[in-house]
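Everything on this sheet refers to the single structure shown next.
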Amino acid sequence: KIGVLHSLSGTMAISETTLKDTILMMVEELNAKGGLLNRPVEAVVVGPASNWPLFAEKARELLEKDQVAAVFGCWTSVSRKSVLPVFEELNGLLFYPVQYEGEESSRNVFYTGAAPNQQAIPAVEYLMSEDGGGAERWILLGTDYVYPRTTNKILRAFLHAKGVSDNDILEQYTPFGHSDWQTIVSDVKDFASAGKPTAVVSTINGDANVPFYKELASQGISAEDIPVVAF
């Protein structure tokens with residue numbers, strides 16, 4: 002028996018529902034082949050509704066009440082940090098599926114995604130290269146929580162080491178579920194009008210991405226003008 006701990010409603014449902022569906026598909030495929038050690042695998046699905054404290058409650062429920070062997074869940078680092086004390090207290094096992102900011106290690110978590118040195122920094126190096134467009138100015142846009150802020154702290158230090166000044170870095174944060182991107186996208190256009198190749202590094206999470214990309218298109222920004230790389 003395994004637990005599935007993903008938001009099925011709220012701002013992160015747009016991302017986490019896909020992970021829930023993927024896990025259930027894999028369980029179905031596994032059971033069609035005879036299961037695990039000739040026993041069917043049962044998936045217990047709970048929905049923390051993009052509510053970070055509720056993640057901890059649901060994790061405890063899966064481990065204590067449902068007695069699952071392992072949990073597959075979380076997306077945001079704030080949800081992972083919410084459940085971490087529960088997994089360590091009860092000696093549970095969490096498989097965390099996406100990239101994260103690093104700076105954390107636990108015997109109770111499999112961190113299956115990339116840290117910034119494995120993902121964000123190579124992407125920025127590519128955008129700096131001739132093939133990547135030779136970006137010289139950088140716009141760091143993120144949702145206001147630990148993963149974007151820590152990743153951008155690491156990226157800013159990397160950019161400084163590459164000779165990029167603070168005047169060539171714009172860093173802005175918005176809350177989860179942010180929907181009015183007109184002003185920020187206008188700031189992006191203004192910042193990119195200085196005559197230097199400019200790129201956006203986005204750590205915007207959840208359903209805020211939909212209006213963000215719509216606003217980029219609405220204001221006539223294309224990948225040829227200002228490339229966006231997103232994590």
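Under this note's numbering, the first residue of the sequence shown carries the number 2, and numbering increases by one thereafter. Even glycine gets a Cβ: it sits at the ideal position worked out from N, Cα and C. Since we're looking at a predicted model, the values are computed, not measured.
Point to revise | N- and C-terminal bounds of the beta strand (DSSP E) containing R138 | key: R138 to T144
Practice item. Following the continuous beta strand (DSSP E) through L95, name the residue where it begins and the one where it ends. Key: L95 to Y97
Practice item. Would you kindly work out how many angstroms separate the C-alpha atoms of P176 and G207, rounded to a whole number? Key: 10 Å
Check your understanding: Going by alpha carbons, who is nearest to N153 out of L25, W139 and P212?
Key -> W139
Practice item. Pick out whichever of Y174, K190 and G196 has its Cα sitting closest to the Cα of N210. Key: Y174
Point to revise | Cβ shell of D145 (< 7 Å), same chain only, five flanking positions each side left out | key: Y174, T175 and P176
Check your understanding: Helix, strand or coil: how does DSSP classify T204 here?
Key -> strand
**Study point:** Collapsed DSSP secondary structure at F73 in the structure displayed
**Key:** strand
Exercise for review: Drop a sphere of 10 angstroms on the beta-carbon of A136, count the other beta-carbons inside from all chains shown, and report buried for 16 or more, exposed for fewer.
Suggested key: buried
Check your understanding: With V72 and G4 assumed to form a contact (beta carbons below 8 Å), what rounded beta-carbon distance in angstroms separates them?
Key -> 4 Å
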